[in-house]
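Quick note on my numbering: the sequence shown kicks off at 53 and runs consecutively.
Note that CB positions come from ideal geometry on N, CA and C, so glycine has one too.
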Amino acid sequence: MIGVKRLFVDYLLVVWIDGLGGVHANQGESLLAWKSLPSYEDDVLSALREMYQTFKQKVPIAGKKVFIKPNIVEFNSNRPIHTNPVVVESMIRLCLEEGAREIVVGEGSGHRRNMGCLLRECGLEKVLIENKIRFVDINYDQTKRVVNLGAKSKLGFIYFSKEAYESDVLISVPKLKTHHWTNVTLSLKNLFGIASGQAYGWPKNELHFQGIVNSIVDINSTRKADLSLVDGIVGMQGDGPLYGEPINANVLLMSDDPVAIDATCSRLMGFDPAGIEHIRLCSKVGLGNLALDKIKLVGTDLAKLPQFRFESPPGF
53 MIGVKRLFVD YLLVVWIDGL GGVHANQGES LLAWKSLPSY EDDVLSALRE MYQTFKQKVP
113 IAGKKVFIKP NIVEFNSNRP IHTNPVVVES MIRLCLEEGA REIVVGEGSG HRRNMGCLLR
173 ECGLEKVLIE NKIRFVDINY DQTKRVVNLG AKSKLGFIYF SKEAYESDVL ISVPKLKTHH
233 WTNVTLSLKN LFGIASGQAY GWPKNELHFQ GIVNSIVDIN STRKADLSLV DGIVGMQGDG
293 PLYGEPINAN VLLMSDDPVA IDATCSRLMG FDPAGIEHIR LCSKVGLGNL ALDKIKLVGT
353 DLAKLPQFRF ESPPGF
């Protein structure tokens, strides 16, 4: 009987959220910090320290469990597919300096099954060992079932990596890349990777069947990143996320608004974020700001950001 009552309550929650139609939070002005860096040999940690000061009060790390989610979908030494380990290590060290209670790095590749091999090849395994950081393969982590607060797909619940969902601070650390299904893959798309591999299989086909855009909106509506850091020192253009060509954008960007950072990165790449469906829809449901007049670049004007013309992915 208790089980039946629980199912009925869950059903009512789903119906109520579907009627709500998403998050629809009122958004004030969004802040975004950026630093220009010529290469990964520069002082990335100092750049992160400086950028984080803007968000330190709103996203405190001291005493918190931090989950860092990079993009480690595949490795190719000739292509900038993955978040550079220098950037991941700098974020780890920033969290250590800030007094994080625990730091976990996690990823669940939708392309390569063997995460251990990927970590070794891309250089992240060495970083984790040297800094004594635990890694979670999201494809095998325990699941956490949560009512779908986005309600754009037909899924009543989202099954997350338990470690990622229950972290105090979730940090999305993607690579600045194009993507053949979503035009760009940045902070919002990066959180596709915190959905449970135990629940959705490999490569999380059910989320693809529901529509990638719908799934991105639902995942971010239900567990949004608290902080986003985009690795754009070397980005990828063209046939991303795996087969595109490198492009030196020489930039790091940070924000506590994943929509604002994705919209700004899209503009930097030469794309109109209003024409990128998942960014537009995430903004529409209240996950963050897309409009230029709602985004404030710390220390300078948005117009002073570098401008590029990234080659579009196939189909865009």
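Leaving out the 5 sequence neighbours to the left and right, which residues in its chain are closer than 6 Å to Pro293 when beta-carbon positions are compared?
Sequence-distant Cβ neighbours of Pro293 in its own chain, meaning closer than 6 Å and more than five residues away, are Lys229, His231 and Thr237.
Proximity of Ser88 and Asn302 at Cβ, strictly below 8 Å
In this structure, Ser88 sits near Asn302, with a CB-CB distance shorter than 8 Å.
Helix, strand or coil at Gly287 [DSSP, three-state]:
Secondary structure of Gly287 (DSSP, three-state): strand.
Check whether the Cβ atoms of Cys334 and Val282 lie closer than 8 Å to each other.
In this structure, Cys334 sits away from Val282, with a CB-CB distance that is not shorter than 8 Å.
Do you know how far the Cα of Met321 is from the Cα of Val225?
For Val225 and Met321, the gap between their C-alpha atoms comes out near 17 Å.
Reference Val286; option with closest CA among Val337, Gly327, Leu305 and Tyr192:
Ranking the options by Cα distance to Val286, first place goes to Leu305.
Can you have a look at Gly73 and say buried or exposed, based on whether 16 or more other CB atoms are within 10 angstroms of its CB?
Low local confidence applies: a pLDDT of 40 at Gly73 is under 50, so the model's placement there is unreliable, with the coordinate-based value given in what follows. The residue is exposed, with fewer than 16 neighbouring Cβ atoms inside 10 Å.
Ser82 (DSSP reduced to helix, strand or coil)
The answer is strand: DSSP assigns Ser82 an E or B state.
Between the region 207–219 and the region 247–266, are three or more C-beta pairs nearer than 8 Å?
Output reads yes: the region 247–266 touches the region 207–219.
My output table needs one value for Lys121: the three-state DSSP class, helix, strand or coil.
DSSP, read as helix, strand or coil, puts Lys121 in strand.
Beta-carbon proximity check, Met103 vs Ala114, cutoff 8 Å:
No, Cβ-Cβ distance for Met103 and Ala114 is not below 8 Å.
Relative to the C-alpha of Asp291, which candidate in Glu363, Leu279 and Pro122 has its C-alpha closest?
Closest in C-alpha terms to Asp291, from the list Glu363, Leu279 and Pro122, comes Glu363.
Residues near Asp7 in its chain [Cβ-Cβ closer than 6 Å; skip 5 each side]
In the structure displayed, the chain extends from 53 to 368; residue 7 sits before or after that span and is not available.
Can you round the beta-carbon distance between Ser82 and Gly263 to whole angstroms, since I take them to be within the 8 Å contact cut?
Rounded, the Cβ-Cβ distance is 26 Å, inconsistent with contact.
For the region 213–278, list the alpha helix (DSSP H) runs that are entirely contained and at least 4 residues long, ordered along the chain.
At a cut-off of 4 residues, the continuous stretches assigned as alpha helix (DSSP H) that sit fully inside the region 213–278 are 214–218, 239–242, 249–252, 257–261 and 264–274.
What does DSSP give as the partner residue(s) for Arg197 in the beta ladder?
DSSP output for Arg197 lists Tyr211 as bridge partner(s).
Beta-carbon proximity list for Trp233, same chain, < 6 Å, skipping 5 on both sides
Closer than 6 Å at Cβ, skipping near neighbours: Ile264.
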